Each structure stands twice: as C-alpha cells, then as structure tokens.
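Read through the structure below, which is laid out as structure tokens, and then see the notes.
There are 2 protein chains.
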Amino acid sequence: MGQVKMPKVGRPPQGTAPRDTAEQLKQSALTLLARKGYSAVTIKDIAHEANLTTAMIYYHFKDKTDLVRATIEYAIENALQHFSKVSKNTDHPAALIHDWLQMHVSLQSDISKLLKLIVDYRHSDMRTPYIDAAIRHFYDTERELVAACIRRGQRVQVFKTGDPDTVSDLISTFLDGAMLRSFLVDDFDIKASIEMFEATLWTSLGFDGRWD
Amino acid sequence: MGQVKMPKVGRPPQGTAPRDTAEQLKQSALTLLARKGYSAVTIKDIAHEANLTTAMIYYHFKDKTDLVRATIEYAIENALQHFSKVSKNTDHPAALIHDWLQMHVSLQSDISKLLKLIVDYRHSDMRTPYIDAAIRHFYDTERELVAACIRRGQRVQVFKTGDPDTVSDLISTFLDGAMLRSFLVDDFDIKASIEMFEATLWTSLGFDGRWD
DNA sequence: GTCTATAAAAGGATAGAC
DNA sequence: GTCTATCCTTTTATAGAC
Chain A
96 MGQVKMPKVG
106 RPPQGTAPRD
116 TAEQLKQSAL
126 TLLARKGYSA
136 VTIKDIAHEA
146 NLTTAMIYYH
156 FKDKTDLVRA
166 TIEYAIENAL
176 QHFSKVSKNT
186 DHPAALIHDW
196 LQMHVSLQSD
206 ISKLLKLIVD
216 YRHSDMRTPY
226 IDAAIRHFYD
236 TERELVAACI
246 RRGQRVQVFK
256 TGDPDTVSDL
266 ISTFLDGAML
276 RSFLVDDFDI
286 KASIEMFEAT
296 LWTSLGFDGR
306 WD
Chain B
96 MGQVKMPKVG
106 RPPQGTAPRD
116 TAEQLKQSAL
126 TLLARKGYSA
136 VTIKDIAHEA
146 NLTTAMIYYH
156 FKDKTDLVRA
166 TIEYAIENAL
176 QHFSKVSKNT
186 DHPAALIHDW
196 LQMHVSLQSD
206 ISKLLKLIVD
216 YRHSDMRTPY
226 IDAAIRHFYD
236 TERELVAACI
246 RRGQRVQVFK
256 TGDPDTVSDL
266 ISTFLDGAML
276 RSFLVDDFDI
286 KASIEMFEAT
296 LWTSLGFDGR
306 WD
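Top line first, the protein sequences correspond to chains A and B.
Position one of the first sequence corresponds to residue 96 (the numbering used here), numbered consecutively onward.
Position one of the second sequence corresponds to residue 96 (the numbering used here), numbered consecutively onward.
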C-alpha cells in the first residue's frame with residue numbers, strides 16, 4: 096500500500112531487533128502462533144505482522160509447516176540460552192533454584208509462548224523426529240539442571256529430604272501450571288504465585304532459609 | 096458410502112452413551128477440539144466422528160461457533176457435576192482435599208480436555224459474555240470449594256498455616272500444570288505427581304497426617 | 001529479495017430430495 | 001431428521017514482473 100521502504104545499507108540493526116528477514120518472519124510467527132495456534136494463523140497474518148507479503152514466506156521457507164518447525168527450533172534455542180545463564184550466576188543450591196523460579200517470572204512471556212507452541216505441535220500432524228528430539232532435549236535440560244542442583248544441595252546438607260528427580264518434576268509441573276494460568280486468567284499474579292510455591296518448596300526440602 | 100442404517104426403534108440407549116444426536120455431536124466435538132483446537136477441526140471431522148454428515152450440524156446448531164459454544168457449556172456442566180460429588184462424600188478437611196486431588200487423577204481425561212477447550216476459546220474471536228461467565232463460574236467454584244475446606248481445617252486445628260485463598264490457588268495452579276503435562280509428556284505419571292504434591296502440601300499446611 | 005496477480009485446494013454453509 | 005450435491009469464501013501456494 097505504497098509504504099516507503101528504506102534501502103538496507105551497512106550492517107543490520109543490532110540487539111534484540113530481528114537481524115534478517117527470515118528471523119523477522121520467525122519472530123512474527125512465534126507471536127501469532129502462541130496467540131492463536133497453527134491452524135488459526137494464516138500465512139497472510141504472519142506476512143502482515145512482519146510487514147511483508149505471503150510470497151516472501153515461500154522465498155525463505157518451503158511451506159507453512161516448514162516455517163512453523165523453524166519457529167519452534169528458534170524458540171527452543173532462545174529458551175536454552177536463558178537456561179544456561181541461570182546456572183552461571185550463583186553457587187548456593189537454594190539461590191540457584193530461586194534464580195530458576197525468578198527466571199520464569201521475568202521470562203514468563205517467552206516461556207509461555209514456547210509452551211503453547213509445543214502443545215500445539217504435539218497434537219498436529221506435522222511432527223518430525225528432529226523437532227521431537229529438540230523438544231525432548233529441552234525438557235531433559237530443564238529436568239537435569241534442577242535435579243543436579245538438588246542433589247548437590249543434599250550433599251552439602253542444605254536440603255534434607257526429597258528424591259531429586261521427583262522434586263525436579265514437581266517444580267517443572269508447577270511452573271507449567273503457572274505459565275498456563277498466565278495465559279488463562281486475566282489478572283493472574285505469577286510473581287506472587289511462584290513466591291508462594293517457593294516457600295512451600297523450602298519447607299518440603301527442609302531448607303532453613305540460611306543463604307550462606 | 097452405502098452404509099446400512101438401522102432404523103431407530105424404541106427408547107434411545109441409556110447410561111453414559113450419548114442420548115440424542117445433538118449430544119452425540121457435542122461429545123464428538125469435545126474429543127476433537129481438545130485434541131486439535133478450534134481451527135484445526137473441520138465440521139466434516141466432527142460430523143464424521145459422530146457418524147453423520149455436515150448438514151446435521153447445521154440442523155442442530157446455527158454454525159460452527161454455535162456448536163463449539165454449546166460444547167464448552169456441556170463440558171463445564173459435566174465437570175461441575177463431578178465437583179459437587181466430592182464435597183458430599185467426606186467430612187474431614189484433609190480427606191476432602193485428598194478426594195479433590197484424586198478426582199483430578201481419575202477424571203484427568205475429561206478435565207484436561209476442558210482445560211484445552213478453555214485455552215483455545217480464550218484466544219479466539221468468538222467470545223460471548225455468557226460463555227465467559229460460565230468459565231468464571233467454573234473457576235470460582237473450584238477456588239471456593241478448596242478455600243472453604245482449608246478455612247474449616249484451620250478452625251478445627253487440623254491445618255496450622257497458610258492463607259486459604261493463596262493455598263487454594265497454589266493447588267489449582269499445580270493441578271493445571273499436571274493436566275497440561277498429561278497432554279504434553281507421553282509417559283507422565285499423573286498419579287505419582289499429584290501424590291508427591293499432596294505430601295508437600297501437608298507439610299506446608301502443618302498437617303500431621305492424623306485422619307481422625 | 002520483494003511484490004502483484006492468480007491458480008488450486010480446502011473448508012464453511014445451504015438447497016432440496018427423501 | 002438425515003443425506004447428497006453444490007456454492008461461496010478463505011487459504012495455501014506458485015508464476016512472473018521488477
């Protein structure tokens with residue numbers, strides 16, 4: 096519609112802004128897919144969200160499902176990047192779990208989007224072994240990160256009780272619930288909810304609250 | 096395709112089987128909508144699942160969204176019926192919470208379907224005040240049932256700690272997570288997961304495990 | 001790399017016979 | 001109440017100009 100288009104000169108924009116057209120399309124797809132799901136989102140919607148036309152999608156991707164698969168990979172990679180940061184910042188086991196929970200508060204938007212994408216994908220007929228493996232890897236990383244931390248906490252006597260793997264699943268399941276509720280309930284206070292859970296968790300693990 | 100159709104004689108089938116065509120359609124829609132979501136399910140799919148043709152959907156319902164709205168109502172009514180049973184069977188506050196959790200294990204299939212329907216509906220553009228109100232009523236009932244039970248438990252000194260409303264939300268959020276995981280993870284052991292949560296909950300509420 | 005225009009397919013909805 | 005046949009709209013996907 097007669098939009099003026101700036102010619103691209105020099106390096107593409109830096110920072111969080113999308114770097115190229117393909118990534119721009121994946122980012123747009125991610126937003127829309129999380130909001131409405133695969134079938135409800137048309138390639139026109141995605142192209143429009145990215146200020147492009149449908150033909151551009153077929154220039155960069157084979158078809159609609161190819162774009163969606165690329166988008167899932169993209170979202171998983173992003174999430175895993177954030178995961179790896181958490182384990183770097185802190186040493187105390189309880190502090191690491193705390194950071195883990197807090198990350199879900201601050202990245203709630205991204206993580207709940209990914210979760211919705213995965214639910215959608217799992218019930219679709221476009222599954223591939225490769226994407227299935229990527230999703231499994233994502234869950235395994237999550238599970239192991241927390242379980243390892245609890246194991247370490249028990250070795251140094253910070254945590255007294257609980258099977259590490261079981262507790263890790265308990266935490267993940269609760270966090271999934273919190274992500275879901277943030278989608279579902281308008282005025283859901285995810286921060287308060289996760290903090291309440293944290294308190295419950297410390298009681299259950301026999302952690303006395305001494306952070307040093 | 097030349098299917099032989101038995102003439103309907105006498106009373107329709109009794110028990111859990113669908114009683115009439117409209118209910119049969121709602122039941123079929125529920126199954127498919129929970130599996131694939133509104134846009135991914137075609138009226139042809141639904142008609143086929145019910146062993147009928149698309150025209151029958153338009154005989155019983157105004158259009159596709161009308162059928163979906165009726166299906167959500169239907170699923171909520173079913174769930175609320177089950178809810179009301181729980182509060183009748185037991186008296187001890189801890190036993191009631193226990194039954195509440197166990198109900199989510201045994202009715203996991205129905206409840207997770209409803210949950211998926213609601214997520215789908217909330218992000219659709221077919222929302223009506225009436226269905227919105229029905230969903231809110233569903234959540235309020237859930238919340239109040241558990242909160243009232245905890246309040247009573249504190250009055251009779253069975254539970255020692257925790258704000259009833261906050262704890263009620265904690266329970267609901269975890270259960271939502273468990274429902275989601277049962278959709279998401281193939282070999283998810285919902286029974287074990289909820290039992291683990293129950294143990295955590297008793298610790299957190301200061302319940303000593305004396306059921307008398 | 002990006003657009004316009006259009007072909008091809010799928011899905012929602014209706015008319016009319018039985 | 002139920003079916004067959006069909007219309008109309010939406011959506012996916014491609015061809016070809018710039």
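The C-beta atom is built at its ideal place from N, Cα and C for all residues, glycine as well.
What you are looking at is a predicted structure, and each value in this text was computed from that prediction instead of being measured.
- Query: So with Cβ pairs under 7 Å, would you call Ser288 (chain A) a contact of chain B?
  - Reply: yes
- If the cut is a Cβ gap below 7 Å, which residues of chain A does His218 (chain B) touch? Arg130, Lys131
- Task: Could you name each continuous alpha helix (DSSP H) segment of 4 residues or more that falls completely within the region 273 to 301 of chain B, going from the start of the chain to the end?
- Result: 285 to 300
- Message: When you compare the CB of Thr148 (chain A) with every CB in chain B, is at least one pair closer than 7 Å?
- Response: no
- Item | Nonlocal neighbours in the same chain, by C-beta distance under 6 Å from Ala174 (chain B), ignoring five residues either side | Leu209
- Query: Would you say Arg276 (chain B) reaches chain A, if we count a Cβ-Cβ gap shorter than 7 Å as a contact?
  - Reply: yes
- What separation, rounded to the nearest whole angstrom, lies between the Cα atoms of Asp182 (chain B) and Ala117 (chain A)? For the record, residue 182 (chain B) in the displayed sequence is Ser; it is not Asp. The alpha-carbon atoms of Ser182 (chain B) and Ala117 (chain A) are separated by roughly 55 Å.
- Item | Identity of the residue in B:Phe269, B:Lys159, B:Leu240, B:Asp284 nearest Met221 (chain B) by Cα | B:Lys159
- Item | Chain-ordered chain A contacts of Thr126 (chain B) [CB-CB under 9 Å] | Near Thr126 (chain B) there are no residues of chain A at all, since even the closest Cβ is about 12 Å away, more than 9 Å.
- Item | Meets three-Cβ-pair contact criterion under 8 Å: the region 182 to 196 of chain B and the region 141 to 148 of chain B | no
- Message: Is Phe302 (chain A) close to chain B? Criterion is C-beta to C-beta, closer than 7 Å.
- Response: no
- alpha helix (DSSP H) containing Asn146 (chain B): first to last residue? Run containing Asn146 (chain B): none; DSSP gives neither H nor E here.
- Cutoff 7 Å: Ala112 (chain B) Cβ touching any chain A Cβ: Confidence at Ala112 (chain B) is low in this model, with a pLDDT of 47, below 50, so the placement of that residue should be treated as unreliable; the coordinate-derived value is given next. By this cut-off, Ala112 (chain B) is not an interface position.
- Would you please verify whether the beta carbon of Met291 (chain A) is less than 7 Å from any beta carbon of chain B? yes
- Query: Around the C-beta of Tyr225 (chain A), are 16 or more other C-beta atoms found within 10 angstroms, so that it is buried, or is it exposed?
  - Reply: exposed
- Query: Taking Cβ to Cβ, would you say Phe269 (chain B) is nearer than 7 Å to Gly301 (chain A)?
  - Reply: no
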